[in-house]
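Visitor: When you number the sequence shown by our numbering, it's gap-free, plus one each residue, and the end is 599.
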Amino acid sequence: RPRSLSGIQATSDSLHLGNYIGALQQFVEQQETHDAFFFIANLHAITVDQDPAQLRERTLRTAAQFIGAGLDPQRSTLFVQSHIPAHTQLGWILECTTGLGEAQRMTQFKDKSTRNEHVSLGLLTYPALMAADILLYQADVVPVGEDQRQHLELTRNLAERFNHRYGDTFTVPEPHILKSTAKVYDLQDPTAKMSKSAQTPAGLIEILDDEKSITKKIKSAVTDAGTEVTFDPEGKPGVSNLLTIHSALSGRSIEDIVAEFEGRMYGHLKVALAEVVVETLRPLRERTLELLDDPAELTRVLDAGADTAGAIAERTIADVYDRVGFLTR
Ligand code: ATP
Ligand code: MG
């Protein structure tokens, strides 16, 4: 089986629909066909300021949402990034493999460094750590949203550069980015990516939101000029985003949904979409809240995941240290 690996940052109490559709839903599919590894990225989380108690809590909440969304610890290895020291060990080596200009060209760095007052060095070196996350496990595919495409490209370059310099060490991974769903947009600003670090929560649907607030946010979503429900991401970004979300969650084709709303108004689409989102998220939310009632069980799952992941990571880092020329003790 090819190996699939990905992570989500522990930077919010609840993941949002973009994380769900762009990432988590793909994870759940890939655990059926791949040797699957998914982790909670708490090392990446501290590239921007985090409250310690909150980070701890959010790490467990994110793990609960992984399982609540359908990841099965029997089939996928679920773990916490900081439990495996090899991530930071390889991260350092890949920082030394990355050019400064190369890191500065990453659009995530440019976005986040202009948005945040304090810019940490970690925000710049983030993609080297992300490359380490992936290369440590010799992952074949990495399911991510469109916004991570550039980091994946860098990861491939770093793997090839290292392999060329030190001999074949890393598998060069392929991104798994679905054209149709890899970018879910903010409901209030359909030109911006739905993001945990959004300015206002009104355009962000959290997967743990209650039904009333989901419905309210969808009903007040910004739509476009005209009245006809058509899929036109350029001309009608708002309506197209609603159609994309509907299609991703209902499993129906965009054409099929557009046909259903022929001759009807945007408001009708919103009512139908709210129902689809509520129905999809209800069981997910219920399972997640149940899991959070038993943090000891979650901790057991993550400890077992760290054992499995750690064994693989240690093998890779030992090989890398040797190739780089670090003396063995
Ligand atoms: P932050 O704003 O803190 O970076 P985020 O919402 O981007 O948070 P991440 O933890 O950085 O969340 O990303 C987790 C995964 O979710 C990544 O694979 C990312 O590509 C994907 N993702 C994030 N936002 C979206 C979106 N709007 N549409 C589709 N996928 C997304
Ligand atoms: Mg992000």
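We put the CB at the ideal spot given by N, CA and C, even for glycine. Note that the structure is predicted; figures quoted are calculated from it, not measured.
1. May I ask which residues mark the beginning and end of the beta strand (DSSP E) holding Leu-275?
2. Pick out whichever of Asp-417, Gln-418, Arg-419, Phe-440 has its Cα sitting closest to the Cα of Leu-428.
3. What residues in its chain sit with their C-beta under 6 Å from that of Thr-497, if we drop five residues either side in the sequence?
4. Using the Cα positions of Pro-322 and Ala-315, report the straight-line distance between them to the nearest angstrom.
5. Taking contact to mean 3 or more Cβ pairs, one atom from each stretch, closer than 8 Å, check whether the segment 397-407 and the segment 558-566 are in contact.
6. Is any heavy atom in the ligand ATP found nearer than 6 Å to the beta carbon of Ala-293?
7. Whose C-beta lies closer than 7 Å to the C-beta of Asn-312 among residues of the same chain, with five residues either side of it excluded?
8. Mind checking who Asp-305 pairs with in its DSSP beta bridge?
9. What would DSSP say about Phe-501, mapped onto helix, strand or coil?
10. Given a threshold of 16 other Cβ atoms within 10 Å of its Cβ, counted over all protein chains shown, does Gln-296 qualify as buried or as exposed?
11. Take Tyr-455 as the anchor and find which of Lys-506, Gln-359, Gln-320 has the nearest alpha-carbon.
12. Expressed to the nearest angstrom, what Euclidean distance is found between the alpha-carbon atoms of Thr-578 and Ser-383?
13. Excluding the 5 residues preceding and the 5 following Thr-550 in the sequence, name in chain order all residues of the same chain whose CB lies nearer than 7 Å to its CB.
14. To the nearest angstrom, report how far apart Gly-340 and Glu-302 are at their CA atoms.
15. Keeping to the same chain, check which residues put their C-beta closer than 6 Å to that of Gly-392; ignore five residues upstream and five downstream.
16. What are the complete alpha helix (DSSP H) segments, minimum 4 residues, inside the segment 451-539?
17. Considering Ser-346, what are the terminal residues of the beta strand (DSSP E) in which it resides?
18. Taking the Cβ atom as the reference point for each residue, do Ser-234 and Val-411 lie within a distance shorter than 7 Å?
19. Do you know whose CA, among Gln-458, Val-414, Asp-573, lies nearest Glu-444's CA?
20. In angstroms with no decimal places, state the Cα-to-Cα distance between Ala-462 and Leu-424.
21. Three Cβ pairs or more, each shorter than 8 Å: is that satisfied between the segment 282-290 and the segment 364-374?
22. Buried or exposed: where does Lys-489 fall if 16 or more other Cβ atoms within 10 Å of its Cβ makes it buried?
23. Taking His-353 as part of the beta strand (DSSP E), name the residues at either end of that continuous run.
24. Could you compute how far the alpha carbon of Val-389 sits from the alpha carbon of Gly-277?
25. Is the beta carbon of Met-400 within less than 6 Å of some heavy atom of the ligand ATP?
26. According to DSSP, which residues form a beta bridge with His-314?
27. Mind checking whether the beta-carbon of Met-535 lies closer than 6 Å to any heavy atom of the ligand ATP?
28. Using beta-carbon positions only, say whether Ile-527 and His-538 come within less than 7 Å of one another.
29. Val-414: beta carbon under 6 Å from a heavy atom of the ligand ATP?
Guide: Let me lay it out:
1. Residue 275 sits at position 5 when you count from the first residue of the sequence shown. That run of the beta strand (DSSP E) goes 273-279.
2. Reading the sequence shown from its first residue, position 158 is the one you call residue 428. Leu-428 has its Cα closest to that of Phe-440, out of Asp-417, Gln-418, Arg-419, Phe-440.
3. Counting from one through the sequence shown, the residue named residue 497 turns up at place 227. Met-535.
4. Position 52 of the sequence shown, counted from the first residue, corresponds to residue 322. Position 45 of the sequence shown, counted from the first residue, corresponds to residue 315. If I take the Cα positions, the gap works out to 11 Å.
5. no
6. Along the sequence shown, read from residue 1 onward, the residue named residue 293 stands at position 23. The answer is yes for Ala-293.
7. Here residue 312 corresponds to residue number 42 of the sequence shown, with the count starting at 1. Excluding residues within five positions, the ones whose Cβ falls inside 7 Å are Ala-280, Leu-325, Thr-329, Val-350, Gln-351, Ser-352.
8. In the sequence shown, residue 305 corresponds to position 35, counting from 1. Answer is Arg-273, bridged to Asp-305.
9. The residue given as residue 501 occupies position 231 in the sequence shown. The answer is coil: DSSP assigns Phe-501 none of H, G, I, E or B.
10. Looking up residue 296 in the sequence shown gives position 26. So Gln-296 counts as buried.
11. Mapped onto the sequence shown, residue 455 falls at position 185. Answer by Cα proximity: Lys-506.
12. Along the sequence shown, read from residue 1 onward, the residue named residue 578 stands at position 308. Along the sequence shown, read from residue 1 onward, the residue named residue 383 stands at position 113. Taking the straight line from one Cα to the other gives about 35 Å.
13. Locating residue 550 in the sequence shown gives position 280, where the first residue counts as 1. Counting only Cβ-Cβ distances below 7 Å, and skipping sequence neighbours, we find Leu-519.
14. What you label residue 340 is simply residue 70 of the sequence shown in a count that begins at 1. What you label residue 302 is simply residue 32 of the sequence shown in a count that begins at 1. Roughly 11 Å separates the two Cα atoms.
15. Counting from 1 along the sequence shown, the entry for residue 392 is found at position 122. Same-chain partners within the cutoff: Thr-317.
16. 481-489, 507-520, 524-530
17. Against the sequence shown, residue 346 aligns to sequence position 76. Ser-346 -> beta strand (DSSP E) spans 346-350.
18. The question about residue 234 has no answer, for the chain in this structure spans 271 to 599.
19. Against the sequence shown, residue 444 aligns to sequence position 174. Glu-444 has its Cα closest to that of Val-414, out of Gln-458, Val-414, Asp-573.
20. The count along the sequence shown starts at 1 and reaches residue 462 at position 192. The count along the sequence shown starts at 1 and reaches residue 424 at position 154. Answer to the nearest angstrom: the Cα atoms are 23 Å apart.
21. no
22. Locating residue 489 in the sequence shown gives position 219, counting from the first residue. It counts as exposed.
23. Within the sequence shown, numbered from 1, the residue matching residue 353 stands at position 83. Counting along the chain, His-353 falls outside any beta strand (DSSP E), and DSSP gives it neither H nor E.
24. By one-based count along the sequence shown, residue 389 stands at place 119. By one-based count along the sequence shown, residue 277 stands at place 7. Their Cα atoms are separated by approximately 23 Å.
25. Here residue 400 refers to the residue found at position 130 of the sequence shown. False, no ligand heavy atom lies under 6 Å from that Cβ.
26. Position 44 of the sequence shown holds residue 314. Bridge partners of His-314: none, in fact.
27. Locating residue 535 in the sequence shown gives position 265, where the first residue counts as 1. Met-535 Cβ: outside cutoff for every heavy atom of the ligand ATP.
28. Mapped onto the sequence shown, residue 527 falls at position 257. Mapped onto the sequence shown, residue 538 falls at position 268. Not closer than 7 Å, so no.
29. Counted from its first residue, the sequence shown places residue 414 at position 144. Answer for Val-414: yes, Cβ within range of the ligand ATP.
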